[in-house]
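Numbering (the numbering used here), first residue to last: -4 to 305.
Glycine included, each C-beta is placed from N, C-alpha and C at the ideal position.
Written out as structure tokens, the structure reads:
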């Protein structure tokens, strides 16, 4: 631990189960909101503008809560490292993946997060990892395989579905680096909202740099639907949902908190079916059942969602 004062917990008054439910509801609907972004703008601009606005919102919340906006050069560097993985590289892959497969399927790929984060945390920091958690994660992985398998078998000759799966897996891996980094930043006592502001700012700058290297221009004008989805993705889907998720991560640990990524796809798949024309088959439904079962098993570990750690 550094000598910095411990940061105040986000959403202190909300019980753990409410943080979980809010994160799942918001993120379960943001996967479809991304569809409106990639329909009108290049991926790099959608990600850059989303996290620029989200970072500004987090900075405003930090100032309102009395958190120090300047967290020192080392703190800014740590926040930036978290940000480039969690708020830029992973989302660039997510947006690209949704060019190739339904948003609900991309969301389902994130059900790999609990097992990946739990195992990585165990390997790096020797955090506890039970057989029950591993079995729950394995069920989640099996669910993903069942859901994606029919889509890959129906893939077009150009391999669009396979490319979507590759981007999805890359997004999960990159996001896990950011998630584990954020866990360490909280343990170091970095202020919560200020760290998110710096991290999102760094992620936005990296995406802008990619746009510059690619020579990608921002098309104009943009529709009201695009602006509405941007606001929802920035404020609710980035600042508020990440606050809930990182708050869960602090209370439960990186592995159990990442089970948000297992429950969220179920809602995302419902939304995708309702508004994107995605038609799930029996394999998809079986995969959802496995993912839910694995989530329930993993969430039974450690501190329950209904109570706080002592």
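Quiz prompt | Neighbourhood of residue 46 by C-beta, 6 Å cutoff - its chain only, sequence neighbours within 5 removed | solution = In the chain shown, residue 46 corresponds to position 51, counting from 1. Once the five neighbours on either side are set aside, the close Cβ partners of residue 46 are 82, 195, 198, 199.
Quiz item: When you compare each of 144, 167, 28, 16 to residue 156 by their alpha carbons, which one comes out closest?
Solution: By one-based count along the chain shown, residue 156 stands at place 161. Closest by alpha carbon: 144.
Quiz prompt | 6 Å Cβ shell around residue 201 - same chain, five flanking residues per side excluded | solution = Reading the chain shown from its first residue, position 206 is the one you call residue 201. Counting only Cβ-Cβ distances below 6 Å, and skipping sequence neighbours, we find 79, 83.
Quiz item: Around the Cβ of residue 185, are there at least 16 other Cβ atoms within 10 angstroms (buried) or fewer (exposed)?
Solution: Residue 185 sits at position 190 when you count from the first residue of the chain shown. Buried, by the Cβ-count rule.
Quiz prompt | Other residues of its chain near residue 97: CB distance less than 7 Å, five sequence neighbours each side excluded | solution = The residue you call residue 97 lines up with position 102 of the chain shown. Cβ within range, chain order: 267, 271, 273.
Quiz item: Does the segment 98 to 106 come close enough to the segment 223 to 230 to have 3 or more Cβ pairs within less than 8 Å?
Solution: no
Quiz item: Secondary structure at residue 83, three-state DSSP: helix, strand or coil?
Solution: The residue given as residue 83 occupies position 88 in the chain shown. Note: residue 83 maps to helix in three-state DSSP.
Practice problem: Go ahead and label residue 119 buried or exposed: buried means 16 or more other beta carbons lie within 10 angstroms of its beta carbon, across all protein chains shown. | Solution: Your numbering for residue 119 matches position 124 in the chain shown. Per the 10 Å Cβ criterion, exposed.
Quiz prompt | Separation of residue 68 from residue 19, as counted between CA atoms | solution = In the chain shown, residue 19 corresponds to position 24, counting from 1. In the chain shown, residue 68 corresponds to position 73, counting from 1. Cα to Cα, the separation comes out at about 34 Å.
Exercise. Compute the Euclidean distance between the alpha carbons of residue 163 and residue 170, then round it to the nearest angstrom.
Key: Numbered from its first residue, the chain shown carries residue 163 at position 168. Numbered from its first residue, the chain shown carries residue 170 at position 175. Going from the Cα of residue 163 to the Cα of residue 170 covers about 10 Å.
Quiz item: Closer than 6 Å: is that where the CB of residue 221 sits relative to any heavy atom of the ligand MG?
Solution: This structure does not include the ligand MG; it has no bound ligands of any sort.
Quiz item: For residue 140, does the count of other Cβ atoms within 10 angstroms reach 16, so buried, or fall short, so exposed?
Solution: The count along the chain shown starts at 1 and reaches residue 140 at position 145. Exposed, because fewer than 16 other Cβ atoms sit within 10 Å of the Cβ of residue 140.
Self-check item: Cα-Cα separation, residue 110 to residue 49
Solution: Position 115 of the chain shown, counting from 1, holds the residue named residue 110. Position 54 of the chain shown, counting from 1, holds the residue named residue 49. Cα-Cα distance, rounded: 28 Å.
Quiz item: Exposed or buried, what is residue 21 when buried is set at 16 or more other beta-carbons lying within 10 Å of its beta-carbon?
Solution: Taking the chain shown and counting its residues from 1, one reaches residue 21 at position 26. Buried, because 16 or more other Cβ atoms sit within 10 Å of the Cβ of residue 21.
Practice problem: With a 10 Å radius around its C-beta and 16 neighbouring C-beta atoms as the bar for buried, classify residue 218 as buried or exposed. | Solution: As a first step, residue 218 is located in the chain shown; it is residue number 223 there, counting from the start. Looking at its Cβ environment, which holds fewer than 16 other Cβ atoms inside 10 Å, residue 218 is exposed.
Quiz item: Taking the Cβ atom as the reference point for each residue, do residue 181 and residue 245 lie within a distance shorter than 7 Å?
Solution: Here residue 181 refers to the residue found at position 186 of the chain shown. Here residue 245 refers to the residue found at position 250 of the chain shown. Cβ distance < 7 Å, so residue 181 and residue 245 count as in contact.
Quiz item: Would DSSP call residue 91 helix, strand or coil?
Solution: For this step, residue 91 is matched to residue 96 along the chain shown. Here residue 91 sits in helix by DSSP.
Exercise. Output the distance between the C-alpha atoms of residue 152 and residue 278, rounded to the nearest integer angstrom.
Key: Here residue 152 is taken as the residue at index 157 of the chain shown, counted from 1. Here residue 278 is taken as the residue at index 283 of the chain shown, counted from 1. Because residue 152 sits at a pLDDT of 49, beneath the cut-off of 50, its placement in the model cannot be relied upon, and the following sentence gives the value as read from the coordinates. Distance between the alpha carbons of residue 152 and residue 278: 22 Å.
Self-check item: Rounded straight-line distance, which links the Cα of residue 58 to that of residue 51
Solution: Start at 1 with the first residue of the chain shown, and residue 51 comes out as number 56. Start at 1 with the first residue of the chain shown, and residue 58 comes out as number 63. The alpha-carbon atoms of residue 51 and residue 58 are separated by roughly 11 Å.
Quiz item: How is residue 66 classed by DSSP in three states: helix, strand or coil?
Solution: Here residue 66 corresponds to residue number 71 of the chain shown, with the count starting at 1. Coil at residue 66, not helix or strand.
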